[in-house]
Amino acid sequence: MENTFSPFIGQLLLSSTTGILTCALFLVCRSGQFQSFLYEFLKFGRTSSSRFGVLVHSAIKDGYYKQNKNGGYFSVKAPHADYLIIPPKFVDFVKNLPESKVTFQGDVEDSNLAPYTSLGYHLDIVAKSTRTDLTKHLGGIILDLLDETKYALLTELPDCDKEWIPIKPFHNILRIISLVSGRVFVGPELNRNEAYIESTVNYTTSSMMAAFAQRLAAKAAGLEPINDMLTWNMHNVPKRDPSVIAAAQLLIAFAAIHTTSNQLTNMLYDLATHPEYHEPLRLEIEEVLASESDHALSKGSLPKLRKLDSFMKESQRLYPPALLSITRRVNSPIELPDGRVLQKGSYFAVANSQICRDPEIFENPDDFDMFRFERMRSKQGEEHKYQFVTTSLETMAFGHGAHACPGRFFAGNEIKMIMVEFLRGYEVRLPPGAERPSTVMHGSNCAVSTTAEILIRKRAWSEL
Numbered sequence: 002m003e004n005t006f007s008p009f010i011g012q013l014l015l016s017s018t019t020g021i022l023t024c025a026l027f028l029v030c031r032s033g034q035f036q037s038f039l040y041e042f043l044k045f046g047r048t049s050s051s052r053f054g055v056l057v058h059s060a061i062k063d064g065y066y067k068q069n070k071n072g073g074y075f076s077v078k079a080p081h082a083d084y085l086i087i088p089p090k091f092v093d094f095v096k097n098l099p100e101s102k103v104t105f106q107g108d109v110e111d112s113n114l115a116p117y118t119s120l121g122y123h124l125d126i127v128a129k130s131t132r133t134d135l136t137k138h139l140g141g142i143i144l145d146l147l148d149e150t151k152y153a154l155l156t157e158l159p160d161c162d163k164e165w166i167p168i169k170p171f172h173n174i175l176r177i178i179s180l181v182s183g184r185v186f187v188g189p190e191l192n193r194n195e196a197y198i199e200s201t202v203n204y205t206t207s208s209m210m211a212a213f214a215q216r217l218a219a220k221a222a223g224l225e226p227i228n229d230m231l232t233w234n235m236h237n238v239p240k241r242d243p244s245v246i247a248a249a250q251l252l253i254a255f256a257a258i259h260t261t262s263n264q265l266t267n268m269l270y271d272l273a274t275h276p277e278y279h280e281p282l283r284l285e286i287e288e289v290l291a292s293e294s295d296h297a298l299s300k301g302s303l304p305k306l307r308k309l310d311s312f313m314k315e316s317q318r319l320y321p322p323a324l325l326s327i328t329r330r331v332n333s334p335i336e337l338p339d340g341r342v343l344q345k346g347s348y349f350a351v352a353n354s355q356i357c358r359d360p361e362i363f364e365n366p367d368d369f370d371m372f373r374f375e376r377m378r379s380k381q382g383e384e385h386k387y388q389f390v391t392t393s394l395e396t397m398a399f400g401h402g403a404h405a406c407p408g409r410f411f412a413g414n415e416i417k418m419i420m421v422e423f424l425r426g427y428e429v430r431l432p433p434g435a436e437r438p439s440t441v442m443h444g445s446n447c448a449v450s451t452t453a454e455i456l457i458r459k460r461a462w463s464e465l
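Per my numbering: the sequence shown = residues 2 to 465.
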């Protein structure tokens, strides 16, 4: 599950209590892993994480154009390791190397301080449940997701029928995604439970135990199987160890709910910044719905929303979850095509964020162009290459190769449905004089501003 965990470790640590943060820093700093970060923290104070992130971003940009573009390498220091940034031309060589050679899970565990946070443990279980069970059931859960989307927007957005209301959208979106994802992750009997919502937002596991017991009792009684992520994880966990199941569910919440919330919040910021795109998007939505027999979204109608898909991918291109992709820890020495040997215990990555803004790849790369990927898909033979969920050498926000995020198909459908219902039901804009909120940097990881405001108002005509 590529790049779905590390983008929020900064938020997780910064939002922890002072005591926990101090202990964690003390334990890790004993090995010297956080010395550079700690220096920045002591030097700059509370803003050090963002300033350190700016330095890393500048170093990656400089290294990409001076080294990678000429076939060379450069290094980026992360809190847990030094990453060797390899040239993009070697992505096809490394993307499918086996875990015995290079490990994605090992990098996830190391970068998220798994011994202290548990984030990254049992990634194989989550990936299996997602890749096989969740993806297989995508068509059958559309109506449930649509129902939950409408409920979530009604309950989690403020009353704004008559006037523009300011909101800090990340907090609303986090709960909306928790509800909608939860409908599939734990089922309708639990996902609207406030204790569950709080657990997914705050990374606790206590509310999950009763649900485990319910699933086991239902199976013992010979009832119909329940198709949700909790059940699938239980089937894939050896001996159905409750602690492992809880950890897997926590990993699902962290990976899916928080990363999707960041992606969707970025899209709302882009909608608010570019009002000229509202009507083209709404027109496409209404045309697609009108072509359906029941005038409702379906698995078949979602791929027809090509402008919306292009909008989503353009937002992700400019505002990826992390500056680096294809992050790996080397398990045994490997020789790259140019003869360079990567030793066991070393780390490498690709500068995805700079590839996404390379003017030799994308025309006017710093401009937000909603129609960019729709145009690219119009070329013969490339109809499917530039979809939101498609990975390529040019767009690796979801990773690329064997460890490309298996949950991207679910996330793509979920985001589309929420965007459709939001665009049909609401208007959005920036406050007067405001600019698009900036990305918050935590080292090489990117997050949305959680304090920025936008204005929303219910549309005059709305089914919500």
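Don't be surprised by glycine CBs; every beta carbon is placed ideally from N, CA and C.
So, using beta-carbon positions, are residue i and residue j closer together than 9 Å?
i      : j      : result
Ser311 : Tyr387 : yes
Phe94  : Pro338 : yes
Arg437 : Asp271 : yes
Ala323 : Ser439 : no
Cys161 : Lys459 : yes
His401 : Thr392 : yes
Asn414 : Leu139 : yes
Val187 : Asp145 : no
Ile87  : Tyr65  : no
Ser1   : His58  : The question about residue 1 has no answer, for the chain in this structure spans 2 to 465.
Ile177 : Leu154 : yes
Ala403 : Lys96  : yes
Met397 : Lys308 : no
Ile168 : Glu428 : no
Phe369 : Leu319 : yes
Asn69  : Ala352 : yes
Which residues in the same chain have their Cβ closer than 6 Å to the Cβ of residue i, if we skip the five residues on either side of it in sequence?
i      : result
Val331 : Val103, Leu343, Lys345 and Ser347
Thr150 : Val181, Met418, Ile419 and Glu422
Lys44  : With a pLDDT of 39 at Lys44, under the threshold of 50, the predicted position of this residue should be treated as unreliable, and no value is reported.
Lys305 : Val289
Can you tell me the Cβ-Cβ gap for residue i and residue j, rounded? I've got them flagged as a contact below 8 Å.
i      : j      : result
Leu265 : Ile416 : 6 Å
Leu175 : Ile457 : Not quite, the Cβ-Cβ distance comes to about 16 Å (not below 8 Å), so this is no contact.
Phe389 : Lys314 : 5 Å
Leu269 : Pro334 : Not really, about 46 Å apart at Cβ, beyond 8 Å.
Leu282 : Leu98  : Their Cβ separation, rounded to whole angstroms, is 40 Å, which puts Leu282 and Leu98 out of contact at 8 Å.
Buried or exposed: where does residue i fall if 16 or more other Cβ atoms within 10 Å of its Cβ makes it buried?
i      : result
Ala350 : buried
Ile296 : The amino acid occupying residue 296 in the given sequence is His; Ile does not appear at that position. So His296 ends up on the exposed side.
Ala461 : exposed
Gly434 : exposed
Thr328 : buried
Asp111 : buried
Leu284 : exposed
Asn263 : buried
Asn203 : exposed
Thr156 : exposed
Pro276 : exposed
Pro321 : buried
Ser316 : buried
Glu375 : buried
Pro80  : buried
Thr452 : exposed
Can you list, in chain order, the residues of its chain whose CB lies under 7 Å from that of residue i, leaving out five sequence neighbours each side?
i      : result
Met377 : Glu383 and Tyr387
Arg358 : Pro366 and Asp367
Lys62  : Gln355
Glu195 : none
Please return the same chain residues whose Cβ sits closer than 8 Å to the Cβ of residue i, not counting the five positions on each side in sequence.
i      : result
Leu394 : Pro89, Val92, Asp93, Ile356 and His401
Ser302 : Val289, Leu290, Ser292 and Glu293
Gly72  : Pro88, Lys90 and Asp339
Val55  : Met442
Ala273 : Val429, Arg430, Leu431, Arg437, Ile455 and Leu456
Lys67  : Gly73 and Phe75
Any idea which residues DSSP pairs residue i with across the strands?
i      : result
Ser326 : Val351
Cys357 : BP columns for Cys357 are empty, so no partner.
Thr396 : DSSP output for Thr396 lists no bridge partner at all.
Arg458 : Glu428
Tyr84  : Val77 and Tyr348
Glu336 : Val342
Cys447 : Met442
Pro1   : Residue 1 cannot be examined here, being either before or after the span of the chain that is shown, 2 to 465.
Thr104 : Arg330
Could you check whether the Cβ of residue i sits closer than 9 Å to any Cβ belonging to chain C?
i      : result
Gly183 : This model lacks chain C altogether; it includes just one protein chain.
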